[in-house]
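Count along the sequence shown starting at 1, add 359, and that's the number in our numbering.
A virtual CB, placed ideally from N, CA and C, is assigned to each residue, including glycine.
Okay, structure first, notes after.
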Amino acid sequence: MEELRSILKMRNVPNVLKDQNSTVIKDDKTWSSRIREIVEIFGSQVYGYSPPAPSKVSSKLVKEDKDAFAGKAVHSVIDLSFDTPRGEFSFPVNLVMPKAVSKTPLFLHIAFSPNVPDKYFPVEEIIDGGFAMASFYYEDITKDKDEFESGLAGMYSGANRKPDEWGKISMWAWSAQRVMDFIQTLEEVDKARIAVVGHSRLGKTALWCAVQDERFVMGISNESGCSGAAISRGKKGERIRDIVTTFPYWFCENYREYVDREDKMPFDQHFLISAIAPRYVYVSSAIGDEWADPESEFLSCVAASDVYELFGAKGLVTEDRLPEVGTKLHEGHIGYHLRGGTHYLSRYDWQGFMEFMRRKLY
Ligand code: GTR
Numbered sequence: 360m361e362e363l364r365s366i367l368k369m370r371n372v373p374n375v376l377k378d379q380n381s382t383v384i385k386d387d388k389t390w391s392s393r394i395r396e397i398v399e400i401f402g403s404q405v406y407g408y409s410p411p412a413p414s415k416v417s418s419k420l421v422k423e424d425k426d427a428f429a430g431k432a433v434h435s436v437i438d439l440s441f442d443t444p445r446g447e448f449s450f451p452v453n454l455v456m457p458k459a460v461s462k463t464p465l466f467l468h469i470a471f472s473p474n475v476p477d478k479y480f481p482v483e484e485i486i487d488g489g490f491a492m493a494s495f496y497y498e499d500i501t502k503d504k505d506e507f508e509s510g511l512a513g514m515y516s517g518a519n520r521k522p523d524e525w526g527k528i529s530m531w532a533w534s535a536q537r538v539m540d541f542i543q544t545l546e547e548v549d550k551a552r553i554a555v556v557g558h559s560r561l562g563k564t565a566l567w568c569a570v571q572d573e574r575f576v577m578g579i580s581n582e583s584g585c586s587g588a589a590i591s592r593g594k595k596g597e598r599i600r601d602i603v604t605t606f607p608y609w610f611c612e613n614y615r616e617y618v619d620r621e622d623k624m625p626f627d628q629h630f631l632i633s634a635i636a637p638r639y640v641y642v643s644s645a646i647g648d649e650w651a652d653p654e655s656e657f658l659s660c661v662a663a664s665d666v667y668e669l670f671g672a673k674g675l676v677t678e679d680r681l682p683e684v685g686t687k688l689h690e691g692h693i694g695y696h697l698r699g700g701t702h703y704l705s706r707y708d709w710q711g712f713m714e715f716m717r718r719k720l721y
């Protein structure tokens with residue numbers, strides 16, 4: 360990996376195996392304490408700390424179509440509710456269970472739209488692939504706006520949040536964990552094969568969610584770019600300055616500290632991917648998505664791979680060069696593809712996720 364390593368070195372990318380006392384982690388047993396450090400870093404410095412899980416999540420079936428998608432699946436809408444410091448909060452979840460499969464693997468899709476299916480969510484193809492799906496619409500949690508009164512945001516500290524308290528990415532990730540609480544009650548789902556997936560800002564969310572919740576066997580980031588899968592040091596396209604100017608509310612206030620100071624960060628985004636290890640990660644990039652910077656997303660997977668060696672596994676298995684369009688890397692515990700085209704969650708991307716799930720977990 361001389362070529363790729365030299366790019367990481369040129370970019371000054373920190374070694375994820377070196378902990379806060381500069382001790383290099385050498386075995387799988389000490390890795391879990393390093394994960395706790397990494398969760399602390401992203402909690403306090405990037406996305407903001409979330410409150411503890413509610414003691415109970417209740418569910419209520421509000422709609423059911425027993426013959427959905429040409430009769431191949433049952434499509435239900437379920438309201439989840441739980442207590443918060445300011446009373447009960449609830450949000451709807453879509454569940455699509457294929458009839459032909461038992462003990463079904465499941466994708467939890469953190470979605471940009473309440474529609475099922477949707478341009479980003481080809482549900483019939485996914486059922487045909489043998490997967491169940493749960494999804495929720497992110498703005499049913501809280502608005503994608505710079506305010507802290509709507510929805511879940513208003514149920515906790517609201518506008519009085521502290522500099523290390525949750526921004527909206529943390530709120531969406533935490534809500535995906537509440538959906539996971541509900542999924543645990545579904546007998547027909549195979550609990551060992553549940554992946555969380557999101558695109559772009561929701562790809563950042565999916566990674567952060569998978570890091571914090573080991574019940575997900577895989578975290579899938581589609582074109583999550585800046586402050587998601589992509590290495591920040593030397594990144595092209597969107598930088599921390601851009602993202603905290605346009606979307607300050609996605610993060611905790613502390614994240615502003617790193618504007619134009621990427622080099623001073625005691626972490627980089629490959630730490631986020633690494634903290635999912637030894638579970639699975641999938642990162643997908645599009646060549647035309649220059650704002651996200653495919654190269655920096657790929658390099659993050661390379662840099663995170665060292666961690667898997669502690670477990671006698673492989674992270675990203677790649678040739679020693681930057682990928683070309685059409686590259687699909689499905690050998691190791693980190694899956695990756697680079698497709699043609701622009702910023703979008705496409706059929707091609709979903710096919711990649713399904714192929715990887717099948718290859719790793721069947
Ligand atoms: C962009 C943002 C990106 C990305 C994208 C999206 O405007 O700058 O970080 O998350 O939105 O979510 O579509």
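So, K595 versus D648, is the Cβ gap smaller than 8 Å? Judged by their CB atoms, K595 and D648 are not nearer to each other than the 8 Å cut-off.
Going by C-alpha distance, which of T564, V603, L631 and S633 is nearest R620? V603 is the residue among T564, V603, L631 and S633 whose C-alpha sits nearest the C-alpha of R620.
Apply the 10 Å Cβ neighbour rule to R364 and answer buried if 16 or more other Cβ atoms are within range, or exposed otherwise. Looking at its Cβ environment, which holds fewer than 16 other Cβ atoms inside 10 Å, R364 is exposed.
If we ignore side chains and look at the alpha-carbon of each, how far apart do I579 and Y608 end up? I579 and Y608: Cα-Cα distance of roughly 23 Å.
In three-state terms, what does DSSP make of A569? In the structure shown, A569 adopts helical secondary structure according to DSSP, grouped into three states.
Through-space distance from N371 to D622, alpha-carbon basis: Taking the straight line joining both Cα atoms gives about 8 Å.
Are A634 and I394 closer than 8 Å when you measure CB to CB? Yes. Within cutoff.
With DSSP collapsed to three states, give me the class of R598. R598 carries a coil assignment under DSSP once its states are collapsed to helix, strand and coil.
Rounded straight-line distance, which links the Cα of R560 to that of R445: Near 27 Å, if we compare the C-alpha coordinates of R560 and R445.
When you compare the segment 540 to 555 with the segment 566 to 577, are there three or more beta-carbon pairs, one atom per stretch, that lie closer than 8 Å? Cβ pair count under 8 Å is three or more, so yes.
Can you tell me the Cα-Cα spacing of R537 and E612, whole angstroms? Computed Cα separation, rounded: 25 Å.
Cβ-based burial, A588 [other Cβ within 10 Å; buried from 16]: It counts as buried.
Find the nearest neighbour of V556 within the set P522, Y497 and Y614, judged by alpha-carbon distance. Checked all of P522, Y497 and Y614; the closest Cα to V556 is Y497.
What first and last residue would you give for the beta strand (DSSP E) that runs through P451? P451 -> beta strand (DSSP E) spans G446 to P457.
How is E690 classed by DSSP in three states: helix, strand or coil? E690 falls in the coil class under three-state DSSP.
For L367, I'd like the list of residues in its chain whose CB is within less than 7 Å of its CB, leaving aside the five on either flank, ordered along the chain. These residues qualify, in order along the chain: L658, V661 and A662.
In the DSSP assignment, what are the bridge partners of E423? In the DSSP assignment, E423 forms a beta bridge with S435.
Beta-carbon proximity check, P481 vs R706, cutoff 8 Å: Result yes, Cβ atoms of P481 and R706 sit closer than 8 Å.
Given 7 Å as the limit, tell me if S559 has its C-beta closer than that to any heavy atom belonging to the ligand GTR. Result yes, Cβ under 7 Å from the ligand GTR.
Let me confirm a value: T382 is counted as buried when at least 16 other C-beta atoms fall within 10 Å, else exposed. Which label applies? With fewer than 16 Cβ atoms within 10 Å of its Cβ, T382 is classed as exposed.
Which term fits L675, buried or exposed, when burial requires 16 or more other beta carbons within 10 angstroms of its beta carbon? By the 16-neighbour rule on beta-carbons within 10 angstroms, L675 is buried.
At what residues does the alpha helix (DSSP H) containing D652 begin and finish? Taken as a continuous stretch (DSSP letters only), D652 belongs to no alpha helix (DSSP H), as it is neither H nor E.
Could you give the distance in angstroms between the alpha-carbon of S403 and the alpha-carbon of E524? Between S403 and E524, the C-alpha separation is close to 8 Å.
Distance, P451 Cα to D438 Cα: A straight line joining the alpha-carbon of D438 with that of P451 spans about 4 Å.
Reduced DSSP secondary structure (H/G/I, E/B, other) of V738: The first residue shown for the chain is 360 and the last is 721, placing residue 738 beyond what the model contains.
Please report the straight-line C-alpha distance between E483 and K377, rounded to a whole angstrom. The straight-line gap from Cα to Cα measures roughly 45 Å.
So for H629, helix, strand or coil by DSSP? Judged by DSSP in its simplified three-state form, H629 adopts helix.
Ignore the nearest five residues each way along the sequence and tell me which others in A636's own chain have a CB closer than 6 Å to its CB. So the list reads V666 and Y667, once near-sequence residues are dropped.
For V722, which residues in the same chain have their Cβ closer than 6 Å to its Cβ, ignoring the five residues on either side in sequence? There is no way to answer for residue 722, as the model of the chain reaches only from 360 to 721.
At a cut-off of 7 Å, is I602 close to the ligand GTR when judged by its beta-carbon and the heavy atoms of the ligand? Between the ligand GTR and I602, a heavy atom-to-CB distance of less than 7 Å is present.
Contacts around W650, its chain only, beta-carbon distance under 6 Å, and the 5 residues preceding and following it disregarded: If we look at W650 and ignore the five residues flanking it on each side, its Cβ neighbours are G596 and E597.
Can you pull the DSSP bridge partners for E383? According to the sequence provided, residue 383 is Val. The question's Glu does not apply to it. In DSSP, V383 forms a bridge with K377.
State the start and end residues of the unbroken beta strand (DSSP E) segment that holds M492. For M492, the enclosing beta strand (DSSP E) starts and ends at A491 to Y496.
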